[in-house]
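Scroll down for the structure; my scribbles are underneath it.
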Amino acid sequence: MYVAVKGGEKAIEASHRLLEEARRGDPSVPEVSTRQIAEQLGLAVDRVMAEGSLYDRELAALAIKQAQGDLIEAVFLLRAYRTTLPRLGNSEPVDTARMAIRRRISATFKDIPGGQVLGPTYDYTHRLLDFRLAGEGGSGGKAAAPVERADVPAGEPMPRVADLLGHEGLIEEEAAPDAAGAPPTDITREPLRFPAGRDARLQTLARGDEGFLLALGYSSQRGFSNNHPFAGEIRYGTVAVEVVPEELGFAVEIGEIEVTEVQMVNQFMGSAGAPPQFTRGYGLVFGHQERKAMSMALVDRALRAAELDEAAVSPAQDEEFVLYHSDNVEASGFVQHLKLPHYVDFQSELELLRKLRAEFEAPPAEAAE
Amino acid sequence: MPTSTGSDPQIAARQRWMGVLARAEDGALEAAWAGLAEPPEYRVLRPPETGLVMVRGRMGGTGNPFNMGEMSATRCAVQLEGGTVGIAWVAGRSARHAELAAAFDALLQQPARRDGLEETVIAPLESAERARREEDRANAASSRVEFFTMARGED
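Have a look at this one:
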């Protein structure tokens, strides 16, 4: 039980001032602007938007600045802010087949319509520190040489690889949308219930902590669940977001967002009800976040154990374990609440221990007779 | 262009310009409004309201929908003197963007104004957008790669 304490207002005020100073750092160094963060620390912004579950680059940049670059604290700030805003509505499901592609690769098929497009990626960098970036004026004050633009026929379609591979029935097809069209579960409105639907699982994973999901995905590759995955397709780019305002009754586009989509293809030996085939795991996250989207797809696949008649024996397959522990705002809150004064709590435990210890040390009553 | 375009050409036209207005970059609508020969009077029916839209995806890209996360959005409704109502739903938190988009939506519904505005406001926004997309596409295409598998013949 937690018993509240009072006092310390002055000390807390002083602590706030110290925090502001610490955040600002050496005042002789120019202050970083939220615009600089949004432009130059874009991947941090993406992570905060995804785990904060709120797509707004300016707000995420502000949160990162305010949290001194502590991304989990920034996620918390964004989550807190979202509670102050009304829900205006739901979008139509985004159509990732019509994504304006910045990057798109498949590790399973080399010749795919639309081609393999590397886009901006760290994958082929040498991971050597680039001291030019530390020099005066950053990259020497010069813009990077413009890339030579390729001349490609306009409007060449980039169909999702998974949609192409259905052939031979060797890759599981995604179930067609329900005609009834019941709205998906919204974990921000209703508590998680178990067994959770795949909708609730995907929503939880999409906002889940990248590190936690990365470790779980990794564990599933290393043998804690039987995952054998291939990256069927990874694509990153912008998709249109449409809503159907009640007052209009037809869909209008409100803008575009950047997303990363991952289709994992996993070996499956078959079960009583399903033939041997490749099964699929799915990842879809805000921004450019391949590590997160891949981890999400691995864990999504692992969590489909029950549906595919697999024995759920590993952490990544344990729905309750995964879904209850993937949210870093909840996790951080519960771990860090231990810093708050627990004096009364601790006193009562001390007393209990003293009593137990006295009983332990006292000679047994019978022997004394 | 919205995926769920109806068969009604008037609705399709309105969907198109509402999308263009929503995607317009910062300041573009302000400049377009300032460029109007006779900026009309309008009444704000529903003042700009910023809130959240829950963005949905589909399982595996094509299956049942799920909630992916929210985005900020602002909506607004205005009315011209003649009674025409203009509506805007735009991504982000800019009240001014939403109000101007709603005002242009109302004006574009006026047959007498439409052609002029299509030409002076919507077409330039669309062509700027097209140029932006084209540049992105060409940039991406410059990193298009052909992977070769190396055959390692034993014989």
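Here the protein sequences line up with chains A and B, keeping their order.
Everything in the first sequence is counted per the numbering used here, starting at 1482 for the first residue and increasing by one.
Everything in the second sequence is counted per the numbering used here, starting at -10 for the first residue and increasing by one.
Glycine included, every Cβ here is placed at the ideal spot set by N, Cα and C.
These numbers come from a predicted model, not from an experiment.
8 Å contact criterion, which VAL1575 (chain A) and ARG45 (chain B) should meet: CB distance rounded
7 Å
Query raised in the report: Using CA coordinates, which residue listed in B:PHE55, B:ARG12 and B:ARG5 is at the minimum distance from ALA1681 (chain A)?
Result: B:PHE55
Inside the region 1816 to 1840 of chain A only - beta strand (DSSP E) runs reaching at least 3 residues: none
In three-state terms, what does DSSP make of GLN98 (chain B)?
coil
inquiry  = Just checking: is the beta-carbon of ASP1537 (chain A) within a distance shorter than 7 Å of some beta-carbon in chain B?
reply    = yes
query = Of all Cβ atoms in chain B, is any one closer than 7 Å to the Cβ of PHE1827 (chain A)?
reply = no
Taking the beta strand (DSSP E) that TYR1603 (chain A) belongs to, which residues open and close that run? Looking at the DSSP string, TYR1603 (chain A) is not in any beta strand (DSSP E), and its letter there is neither H nor E.
- prompt: Given that PRO1567 (chain A) touches chain B, what residues does it touch there, using C-beta distances under 8 Å?
  reply: GLU38, GLY40 and LEU41
Worksheet item: Of all Cβ atoms in chain A, is any one closer than 7 Å to the Cβ of SER132 (chain B)?
Response: yes
Quiz item: Closer than 7 Å, CB to CB, is GLU145 (chain B) near chain A or not?
Solution: Residue 145 (chain B) falls outside the range modelled here, since chain B spans only -10 to 144, and no answer is possible.
task = Could you round the C-beta distance between GLY71 (chain B) and ALA92 (chain B) to whole angstroms and report it? I think they count as a contact, below 8 Å.
result = 13 Å between Cβ atoms; not a contact.
**Message:** Residues in the same chain with beta-carbon distance under 7 Å from ARG82 (chain B), minus the five sequence neighbours each way, listed in chain order, please.
**Reply:** THR39, SER61 and THR63
Notebook entry, point to check: Counting pairs of Cβ atoms below 8 Å between the region 1674 to 1693 of chain A and the region 1757 to 1773 of chain A, do you hit three or more?
Noted result: yes
Using beta-carbon positions only, say whether TRP78 (chain B) and VAL1724 (chain A) come within less than 7 Å of one another.
yes
Q: Check the C-beta distance from GLU1532 (chain A) over to ASN1747 (chain A) and give it rounded, since I have them as a contact under 8 Å.
A: Their Cβ separation, rounded to whole angstroms, is 25 Å, which puts GLU1532 (chain A) and ASN1747 (chain A) out of contact at 8 Å.
Taking the alpha-carbon of ASP94 (chain B) as reference, which of B:ASP(-3), B:ARG3, B:ARG35 and B:PRO(-2) has the nearest alpha-carbon? B:ARG3
key: Within chain A, partners of GLU14 (chain B) - CB distance below 9 Å   = Those within 9 Å of GLU14 (chain B) in chain A number zero; the least Cβ separation is about 11 Å.
Please report the residue range of the beta strand (DSSP E) in which VAL1740 (chain A) lies. 1733 to 1749
If we count Cβ pairs, one from each stretch, closer than 8 Å, do we get three or more for the region 1786 to 1800 of chain A versus the region 1692 to 1709 of chain A? yes
- request: Along the alpha helix (DSSP H) that carries GLY46 (chain B), what are the first and last residues, could you check?
  value: Counting along the chain, GLY46 (chain B) falls outside any alpha helix (DSSP H), though it belongs to the beta strand (DSSP E) covering 31 to 47.
message = I'd like to know whether the C-beta of GLY72 (chain B) is nearer than 7 Å to at least one C-beta of chain E.
response = This model lacks chain E altogether; the protein chains it does include are A and B.
**OP:** Answer with yes or no whether the minimum CB distance from VAL44 (chain B) to chain A is below 7 Å.
**Re:** yes
Query raised in the report: Can you list, in chain order, the residues of its chain whose CB lies under 8 Å from that of PRO28 (chain B), leaving out five sequence neighbours each side?
Result: TRP22
* Roughly how many angstroms lie between the CA atoms of ALA1687 (chain A) and LEU1729 (chain A), to the nearest whole one? -> 30 Å
Discussion item. Tell me the residue span of the alpha helix (DSSP H) that contains ALA1918 (chain A).
Written reply: Given a span of 1482 to 1850 for chain A in the structure shown, any question on residue 1918 (chain A) remains unanswerable.
Starting from the beta carbon of ILE76 (chain B), find every residue of chain A whose beta carbon is closer than 9 Å, and list them in chain order. PRO1726, GLU1728, LEU1729 and VAL1733
Q. Taking the alpha carbon of ARG1782 (chain A) as the point to measure from, which residue in A:GLN1770, A:PHE1759 and A:ARG1772 has its own alpha carbon closest?
A. A:PHE1759
query = Under the three-state reduction of DSSP, which class applies to MET7 (chain B): helix, strand or coil?
reply = helix
Exercise. Are the beta-carbon atoms belonging to LEU106 (chain B) and LEU97 (chain B) less than 7 Å from one another?
Worked result: yes
> Does ILE111 (chain B) come within less than 7 Å of chain A when only Cβ atoms are used?
Replying inline: no
ask   = Does SER116 (chain B) get closer than 7 Å to chain A when you measure Cβ to Cβ?
value = no
_Using CA atoms only, rank isn't needed, just tell me which of A:GLU1811, A:ARG1560, A:VAL1529 and A:GLU1653 is closest to GLY49 (chain B)._
A:GLU1653
Original post:
In chain A, which residues lie with their C-beta within 8 Å of the C-beta of GLN(-1) (chain B)?
Top reply: In chain order: nothing, as chain A lies at least about 10 Å away.
*Count the C-beta pairs between the region 1590 to 1608 of chain A and the region 125 to 137 of chain B that are closer than 8 Å, then say yes if the count reaches three, no if not.*
yes
- Item | Chain-ordered neighbours of GLU1742 (chain A) on chain B, where CB pairs are closer than 9 Å | GLY46 and GLY50
key: First through last residue of the alpha helix (DSSP H) which encompasses ALA1643 (chain A)   = 1642 to 1645
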